[in-house]
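Just so you know, we're using this note's numbering here: the sequence shown kicks off at 409 and counts up by one.
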Amino acid sequence: MCQTGRAWIELSRANLSHNVRELQGILPGHTKIMAVVKANAYGHGAVLIGKALQDLGISDFCVATVQEGIALRQSGITGQILVLGYTHPSLFAELSHYNLVQTVIDHTYAQILSAYGKTLSVHVGIDTGMRRLGERSDALDDILSIWKLPHLKITGLFSHFCVSDGSTPEDRLFTLTQLERFQTVAKALRQKGFPPFKTHIQGSYGVLNYPTLSFDYARIGIALYGALSHPNDRIQVHPRLKPVLTLKARVSCVKILYAGETLGYGRTFSCSTDRKIAIISIGYADGVPRNSLQQRYVLIHGKKAPIIGRICMDQLSVDVSAIPSVSPGDEAVLIGHSGGQQITVCEVAGQVGTISNEILSRLGNRLDRFERE
409 MCQTGRAWIE LSRANLSHNV RELQGILPGH TKIMAVVKAN AYGHGAVLIG KALQDLGISD
469 FCVATVQEGI ALRQSGITGQ ILVLGYTHPS LFAELSHYNL VQTVIDHTYA QILSAYGKTL
529 SVHVGIDTGM RRLGERSDAL DDILSIWKLP HLKITGLFSH FCVSDGSTPE DRLFTLTQLE
589 RFQTVAKALR QKGFPPFKTH IQGSYGVLNY PTLSFDYARI GIALYGALSH PNDRIQVHPR
649 LKPVLTLKAR VSCVKILYAG ETLGYGRTFS CSTDRKIAII SIGYADGVPR NSLQQRYVLI
709 HGKKAPIIGR ICMDQLSVDV SAIPSVSPGD EAVLIGHSGG QQITVCEVAG QVGTISNEIL
769 SRLGNRLDRF ERE
């Protein structure tokens, strides 16, 4: 698959297909998956993932920026592409040219979009409690004013849960409050007789914890890639998700670190006995987190090799004293399976004090990405 690469990502089309089936099976029959492929499809590779999903029948996508949308369109993605974030007016022509759907982030921005003078497709964002993008749900007059503007083809209305991953009574109450606010706005708009529009509010955790909600789309990101944000998240339904991504790198050299010697920047690792070490050709410039709260490992020949010393920009070191026959060119697995062992992205996230979403989305462009069946 990757005969010469220093570090790379392998993508399992079979696991992606499996996850689509599992997640679609949770949703009400009419609800479609809107695949979240922003941030390079959470580090997986937006073009590879987008084309694979299109082959699987997914026709709706969302991205963060107009540039991400253009890249998908130029790669052959033909379905709806929703830009979730802000687009500068200088790029409105790109929205039109590439047939991208822009989020209306408030009524002032709607006026700017309208003033462009050419018809643009939009979904209107409603702020039901996140206090981020979207017109406030209690500003109904401002919301209604958006629908009256010329040159806006409004095809969707959406919001975003902020604690749908939470399991406390307070979190559930707030999520249901957000839901009620959103439904109130949608009802008011329909009562005014405006043209039909699609609705969506659930992300991955909105689906996993509130699966019976009935909207036109569910914007699914992290779950589509076979992961949760945290390893111990409590969820109401448990689809058998499979990780799509495997992260690998090469052993570049093997050497002996003699007793009393130190290793790497800051000389932070020293050994009291001779140790066999391997240098792995991947580093923090590739997205491997530099700092840790716990001991971390890579897998070589199905065995754990502890990471030692400081992780460098382009490489890291591991102790392979307990692993026989390690040679330059061998594969080291940082996320994924080797033999009977596995390192999950949730495990890595827990070791460095963050979430899986961040670990994946920071995987860099120096990493080659390959699809396997």
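We put the beta carbon where it would ideally sit given N, CA and C, even for glycine.
Residue range of the beta strand (DSSP E) that includes residue i
i: ALA547; result: Taken as a continuous stretch (DSSP letters only), ALA547 belongs to no beta strand (DSSP E), as it is neither H nor E.
i: LEU560; result: 560–566
i: GLU739; result: 739–746
i: THR654; result: 653–665
i: ILE485; result: Run containing ILE485: none; DSSP gives neither H nor E here.
i: ALA501; result: Looking at the DSSP string, ALA501 is not in any beta strand (DSSP E); the run it does join, the alpha helix (DSSP H), is 500–505.
i: LEU707; result: 705–708
i: ASP776; result: 776–780
i: SER733; result: First-last for SER733: undefined, no H or E at that position.
i: ASP727; result: 724–727
DSSP three-state assignment for residue i, whether helix, strand or coil
i: THR576; result: coil
i: CYS754; result: helix
i: VAL696; result: coil
i: ALA449; result: helix
i: VAL474; result: helix
i: THR439; result: coil
i: LYS595; result: helix
i: GLY674; result: helix
i: GLU669; result: coil
i: MET534; result: According to the sequence provided, residue 534 is Ile. The question's Met does not apply to it. ILE534 falls in the strand class under three-state DSSP.
i: ALA631; result: helix
i: SER511; result: Before going on, a small fix: residue 511 reads as Thr here, not Ser. In the structure shown, THR511 sits in a strand (DSSP, three-state: E or B).
i: SER612; result: helix
i: ILE715; result: strand
i: ALA686; result: strand
i: ARG589; result: helix
i: VAL760; result: helix
i: TYR494; result: coil
i: GLN749; result: strand
Straight-line Cα distance separating residue j from residue i
i: GLN488; j: LEU431; result: 20 Å
i: LEU560; j: ILE520; result: 11 Å
i: ALA693; j: SER504; result: 35 Å
i: VAL696; j: LEU771; result: 7 Å
i: GLY614; j: LEU584; result: 11 Å
i: GLY542; j: PHE569; result: 12 Å
i: ASN699; j: ILE719; result: 8 Å
i: ALA635; j: PRO736; result: 31 Å
i: HIS638; j: GLY525; result: 45 Å
i: ALA713; j: ILE685; result: 9 Å
i: LEU456; j: LEU616; result: 25 Å
i: THR527; j: ILE551; result: 19 Å
i: SER680; j: ARG421; result: 46 Å
i: VAL753; j: ILE743; result: 6 Å
i: PHE590; j: GLU755; result: 35 Å
i: ILE716; j: LEU492; result: 40 Å
i: ARG658; j: HIS438; result: 46 Å
i: ASP549; j: PRO558; result: 17 Å
i: PRO651; j: ASN423; result: 7 Å
i: PHE602; j: GLN703; result: 57 Å
i: GLN511; j: SER498; result: The sequence given here places Thr at residue 511; Gln does not occur at that position. Taking the straight line joining both Cα atoms gives about 16 Å.
i: LYS600; j: TRP555; result: 10 Å
i: GLU588; j: GLU739; result: 51 Å
i: GLY672; j: LEU435; result: 50 Å
i: SER622; j: LEU464; result: 22 Å
Segment limits, alpha helix (DSSP H) that includes residue i
i: GLU430; result: 421–434
i: PHE605; result: That residue, PHE605, is in no alpha helix (DSSP H); it is neither H nor E in DSSP.
i: LEU462; result: It is Gln, not Leu, that sits at residue 462 in the sequence shown. Looking at the DSSP string, the run of the alpha helix (DSSP H) that includes GLN462 is 454–463.
i: SER764; result: 764–769
Same chain, Cβ closer than 6 Å to residue i, five either side skipped, listed in chain order
i: ALA757; result: ILE763, SER764, ILE767
i: MET442; result: ASP468, CYS470, TYR625, ARG627
i: GLY761; result: LEU701
i: SER575; result: ARG642
i: SER746; result: LEU707, GLY710
Inter-residue CB distance, residue i and residue j (contact presumed, cutoff 8 Å)
i: ILE417; j: LEU655; result: 6 Å
i: ASP535; j: SER545; result: 6 Å
i: GLU669; j: SER660; result: The Cβ separation is near 19 Å, so there is no contact.
i: HIS531; j: PHE566; result: 6 Å
i: LEU775; j: HIS452; result: Going by Cβ atoms, the distance from LEU775 to HIS452 rounds to 10 Å, so no, they are not a contact pair.
i: GLN803; j: GLY537; result: The chain is shown only over 409 to 781; residue 803 falls outside these bounds and no answer can be derived.
i: ASN427; j: LEU632; result: 6 Å
i: LYS606; j: GLY564; result: 4 Å
Cβ neighbours of residue i in the same chain (closer than 7 Å, five flanking residues each side left out)
i: GLY691; result: ILE719, CYS720, MET721, ASP722, GLN723, LEU724
i: ILE478; result: GLU502, TYR506
i: ARG648; result: GLU430
i: TYR494; result: ILE513
i: VAL571; result: ASP579, PHE582, THR583
i: ALA454; result: VAL445, ASN448, GLU476, ALA479, LEU480
i: SER729; result: ARG683, LYS684
Own chain residues within Cβ distance below 8 Å of residue i, not counting five before or after
i: GLY458; result: ALA443, VAL445, ALA449, PHE469, LEU480, SER483, ILE485
i: ASP413; result: As written in the sequence, residue 413 is Gly, which differs from the Asp given in the question. For GLY413, where only same-chain residues beyond five positions count, the Cβ hits under 8 Å are ARG658, ASP776.
Distance cut-off 8 Å: residue i Cβ against heavy atoms of the ligand ATP
i: ILE417; result: Because no ligand of any kind appears in the structure shown, any question about the ligand ATP cannot be addressed here.
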